[in-house]
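*Asks:* To start, I am sharing the structure in question, which I have written as structure tokens.
There are 2 protein chains.
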Amino acid sequence: MKAQPSTATLDSVDRRILSELGTNPELTNKALASRLGLAESTCAYRLRALRENGVITGRRLDVDARSLGYPLQAVIKVRLGSHSQEHVEKLYDDLTATPGVIQAYHLGGADDFHLHVAVEDAEALRDFVLQHVTVHRVVRQTETQLVFELRDGPGVLPRETA
Amino acid sequence: MKAQPSTATLDSVDRRILSELGTNPELTNKALASRLGLAESTCAYRLRALRENGVITGRRLDVDARSLGYPLQAVIKVRLGSHSQEHVEKLYDDLTATPGVIQAYHLGGADDFHLHVAVEDAEALRDFVLQHVTVHRVVRQTETQLVFELRDGPGVLPRETA
DNA sequence: TGTGAAAAGATTAACAG
DNA sequence: CTGTTAATCTTTTCACA
Numbered sequence: 001m002k003a004q005p006s007t008a009t010l011d012s013v014d015r016r017i018l019s020e021l022g023t024n025p026e027l028t029n030k031a032l033a034s035r036l037g038l039a040e041s042t043c044a045y046r047l048r049a050l051r052e053n054g055v056i057t058g059r060r061l062d063v064d065a066r067s068l069g070y071p072l073q074a075v076i077k078v079r080l081g082s083h084s085q086e087h088v089e090k091l092y093d094d095l096t097a098t099p100g101v102i103q104a105y106h107l108g109g110a111d112d113f114h115l116h117v118a119v120e121d122a123e124a125l126r127d128f129v130l131q132h133v134t135v136h137r138v139v140r141q142t143e144t145q146l147v148f149e150l151r152d153g154p155g156v157l158p159r160e161t162a
Numbered sequence: 001m002k003a004q005p006s007t008a009t010l011d012s013v014d015r016r017i018l019s020e021l022g023t024n025p026e027l028t029n030k031a032l033a034s035r036l037g038l039a040e041s042t043c044a045y046r047l048r049a050l051r052e053n054g055v056i057t058g059r060r061l062d063v064d065a066r067s068l069g070y071p072l073q074a075v076i077k078v079r080l081g082s083h084s085q086e087h088v089e090k091l092y093d094d095l096t097a098t099p100g101v102i103q104a105y106h107l108g109g110a111d112d113f114h115l116h117v118a119v120e121d122a123e124a125l126r127d128f129v130l131q132h133v134t135v136h137r138v139v140r141q142t143e144t145q146l147v148f149e150l151r152d153g154p155g156v157l158p159r160e161t162a
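Note that the protein sequences, when read in sequence, are chains R and S.
Just so you know, the UniProt record's numbering puts 65 at position 65 of the first sequence, and the rest follows in order with no gaps.
Just so you know, the UniProt record's numbering puts 152 at position 152 of the second sequence, and the rest follows in order with no gaps.
So this is what it looks like as structure tokens:
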């Protein structure tokens, strides 16, 4: 069954698990259990429950874009001329499926979308904007900014004090 | 040794590994090998090499922010008044260490930083901006936009045709 | 719920082609 | 560089407190 994420109540063991795994995602279940002073089976059980309750939604592989021939990253801010649901959904679906797009933010406010993309070089970036973004008639305006550096913050790791 | 990421040359087996793992990061080495028609040891060897060469930089856990009590996400666009290296580095370090910050983009162009944050509610968002962003004297202006939805794109997965 | 021990499964290392 | 085997380690399962 697909549980409602928001209904899950997390106790302090769950929070410690998430905190450890957030800091060190490559821990095995065994190592995690020993850090937390739990039996392996207990730890595995909690982990599975966190997944089934939708708290842990998955894992991801971090890949170095440069190594793959995409040394240039950019944020493309997109503003629309029309906001009909149909157009917006279609555009979002298309953008999300476009190779090179790492993340696509759908926003409220001045910019309608932020696209985080990785490309080969400046020319590819120009082509990307022209061929994949402004080609959609619903797009009124774009503004492209280079990404100098991208860092991960602490994110939503549970505060230990709660 | 820390290898130079850009010097790694990827053959078609490496690319297939990355493509499979990008699509399905939870595959075990064994399952991956069988999908690609490789021996497990070969696949494991390739994987380790990809890590040592800095192509695969790590793994990450995806956690549902709502379940942890942060149902609201926003992008805070930050513009600076001064761009001295010292000030910029200090600010970036501080922001990257601030709880609630998921990612911090350092950009070239109109906005100097984009902060992707998760917070409890609108009031917490206001407090975040005031207490953690505009509190820095080097920040001249901020603009906050709500995140309606965030999707992952295909990213930099190797194209099979290369 | 949580635990410990046995069974099943996955990874690693050594070696051969 | 690839594949096979065997040893090691991890995860899963289950009876029981």
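Cβ atoms here follow ideal geometry from the backbone N, Cα and C, with glycine treated the same way.
(1) Suppose you measure from the CA of S/LEU38 to the CA of S/GLU20; what does that come to, to the nearest Å?
(2) List the DSSP bridge partners of R/VAL139.
(3) Do you know how far the Cα of R/ASP121 is from the Cα of R/VAL138?
(4) For R/VAL146, which residues in chain S fall below 7 Å Cβ to Cβ?
(5) Under 9 Å, Cβ to Cβ, is there at least one residue of chain S near R/ASP11?
(6) According to DSSP, which residues form a beta bridge with R/GLY58?
(7) Starting from R/LEU115, trace the beta strand (DSSP E) in both directions and tell me its first and last residue.
(8) Assign S/ALA97 to one of two classes, buried (16 or more other C-beta atoms within 10 Å of its C-beta) or exposed (fewer than that).
(9) I think R/LEU68 touches S/PRO158, with their Cβ atoms under 8 Å apart; what is that distance to the nearest whole Å?
(10) Take R/PHE113 as the anchor and find which of R/LEU95, R/LEU146, R/LEU32 and R/LEU18 has the nearest alpha-carbon.
(11) Where do the ends of the beta strand (DSSP E) carrying R/GLN103 lie?
(12) With H, G and I counted as helix, E and B as strand and the rest as coil, what does DSSP make of S/THR134?
(13) Inspect the CB distances between the region 72-81 of chain R and the region 44-58 of chain S and report whether three or more fall short of 8 Å.
(14) Report yes or no: is there a C-beta of chain R within less than 9 Å of the C-beta of S/SER67?
(15) With the cut-off set at 9 Å, would you say S/GLU149 and R/ALA110 are in Cβ contact?
(16) Skipping 5 residues on each side, what residues in its chain have a beta carbon closer than 6 Å to that of residue 170 of chain S?
(17) Residues of chain S with CB closer than 9 Å to the CB of R/ILE102, please, in chain order.
(18) Which residues in chain S sit within 8 Å of R/ASP64, going by Cβ to Cβ distance?
(19) Name the DSSP beta bridge partners of S/GLU149, please?
(20) When the Cα atoms are used, what is the spatial distance from R/SER41 to S/THR57?
(21) Please compile the residues from chain R whose C-beta is within a distance smaller than 8 Å of the C-beta of S/TYR70.
(22) Does at least one heavy atom of the ligand COA sit under 8 Å from the Cβ of S/TYR45?
(23) Can a CB atom of chain S be found closer than 9 Å to the CB of R/LEU80?
(24) In the DSSP assignment, find the alpha helix (DSSP H) that holds R/SER67 and state where it starts and stops.
(25) Please report the distance separating the alpha-carbon of S/LEU146 from that of R/GLY108.
(26) What residue range does the alpha helix (DSSP H) around S/ARG159 cover?
(27) Which partner residues of S/VAL129 appear in the DSSP bridge assignment?
(28) From which residue to which residue does the alpha helix (DSSP H) around R/GLY155 run?
(29) Measuring straight from C-alpha to C-alpha, what distance separates R/VAL13 and S/ALA124?
(30) Enumerate in chain order the residues of its own chain whose CB-to-CB distance from R/HIS87 is below 7 Å, with the five nearest sequence positions on each side excluded.
(31) Which chain R residues sit within Cβ distance under 9 Å of S/LEU21?
(32) With DSSP as the reference, label S/THR23 as helix, strand or coil.
*Replies:* Checking against the coordinates, here is how it stands:
(1) The residue you call residue 38 of chain S lines up with position 38 of the second sequence. The residue you call residue 20 of chain S lines up with position 20 of the second sequence. C-alpha separation (whole angstroms): 13 Å.
(2) Stepping through the first sequence from its first residue, residue 139 of chain R is reached at position 139. Answer is R/LEU80.
(3) Here residue 138 of chain R is taken as the residue at index 138 of the first sequence, counted from 1. Here residue 121 of chain R is taken as the residue at index 121 of the first sequence, counted from 1. Cα-Cα distance, rounded: 26 Å.
(4) Here the question's residue 146 of chain R lines up with position 146 in the first sequence. Sequence check: residue 146 of chain R is Leu here, not Val. Result: LEU107, GLY108 and GLY109.
(5) Along the first sequence, read from residue 1 onward, the residue named residue 11 of chain R stands at position 11. Any Cβ of chain S closer than 9 Å to the Cβ of R/ASP11 would place that residue at the interface, and such an atom is absent.
(6) Counting from one through the first sequence, the residue named residue 58 of chain R turns up at place 58. According to DSSP, R/GLY58 bridges with S/ASP62.
(7) Walking along the first sequence from the start, residue 115 of chain R turns up at place 115. Where R/LEU115 is concerned, the enclosing beta strand (DSSP E) stretches over 113-119.
(8) As a position in the second sequence, residue 97 of chain S is number 97, starting the count at 1. Per the 10 Å Cβ criterion, exposed.
(9) Looking up residue 68 of chain R in the first sequence gives position 68. Looking up residue 158 of chain S in the second sequence gives position 158. So it is a contact: roughly 6 Å between Cβ atoms.
(10) Taking the first sequence and counting its residues from 1, one reaches residue 113 of chain R at position 113. Among R/LEU95, R/LEU146, R/LEU32 and R/LEU18, the Cα nearest to that of R/PHE113 belongs to R/LEU95.
(11) For this step, residue 103 of chain R is matched to residue 103 along the first sequence. Element bounds for R/GLN103: 101-108.
(12) Taking the second sequence and counting its residues from 1, one reaches residue 134 of chain S at position 134. DSSP, reduced to helix, strand and coil, places S/THR134 outside both helices and strands of the structure shown, so it counts as coil.
(13) no
(14) Counting from one through the second sequence, the residue named residue 67 of chain S turns up at place 67. Output row for S/SER67: interface = yes.
(15) One-based indexing of the second sequence puts residue 149 of chain S at position 149. One-based indexing of the first sequence puts residue 110 of chain R at position 110. Contact: no.
(16) Lying before the first or after the last residue shown, residue 170 of chain S is absent from chain S, which here runs from 1 to 162.
(17) As a working note, residue 102 of chain R is residue 102 in the first sequence. Per Cβ cutoff of 9 Å: ASP152, GLY153, PRO154, GLY155 and VAL156.
(18) Sequence index remark: in the first sequence, residue 64 of chain R carries index 64 (1-based). The answer, in chain order, is PRO5, GLY54, VAL55, ILE56 and THR57.
(19) Translated into the one-based positions of the second sequence, residue 149 of chain S becomes position 149. For S/GLU149, DSSP records a beta bridge to R/HIS106.
(20) Against the first sequence, residue 41 of chain R aligns to sequence position 41. Against the second sequence, residue 57 of chain S aligns to sequence position 57. Our two residues, R/SER41 and S/THR57, have alpha carbons roughly 29 Å apart in a direct line.
(21) The residue labelled residue 70 of chain S in the question sits at position 70 within the second sequence. Those within 8 Å of S/TYR70 in chain R are VAL156.
(22) Only the bare structure without any ligand can be found here, which leaves the ligand COA out of the picture.
(23) As a first step, residue 80 of chain R is located in the first sequence; it is residue number 80 there, counting from the start. Interface residue (Cβ-Cβ distance to chain S less than 9 Å): R/LEU80 is not classified as such.
(24) Looking up residue 67 of chain R in the first sequence gives position 67. First-last for R/SER67: undefined, no H or E at that position.
(25) Taking the first residue of the second sequence as position 1, residue 146 of chain S is located at position 146. Taking the first residue of the first sequence as position 1, residue 108 of chain R is located at position 108. Using only the alpha carbons, I get a separation of about 5 Å.
(26) For the purposes of this step, residue 159 of chain S is taken as residue 159 along the second sequence, with counting starting at 1. Looking at the DSSP string, S/ARG159 is not in any alpha helix (DSSP H), and its letter there is neither H nor E.
(27) Here residue 129 of chain S refers to the residue found at position 129 when the second sequence is read from its first residue. None; S/VAL129 has no bridge partner.
(28) Start at 1 with the first residue of the first sequence, and residue 155 of chain R comes out as number 155. Segment: none, R/GLY155 is in no alpha helix (DSSP H) and carries neither H nor E.
(29) Mapped onto the first sequence, residue 13 of chain R falls at position 13. Mapped onto the second sequence, residue 124 of chain S falls at position 124. Each residue's Cα considered, the two are about 26 Å apart.
(30) Here residue 87 of chain R refers to the residue found at position 87 when the first sequence is read from its first residue. These residues qualify, in order along the chain: VAL138.
(31) Here residue 21 of chain S refers to the residue found at position 21 when the second sequence is read from its first residue. Those within 9 Å of S/LEU21 in chain R are LEU61 and VAL63.
(32) Taking the second sequence and counting its residues from 1, the one referred to as residue 23 of chain S is at position 23. Of the three classes helix, strand and coil, the one that applies to S/THR23 here is helix, per DSSP.
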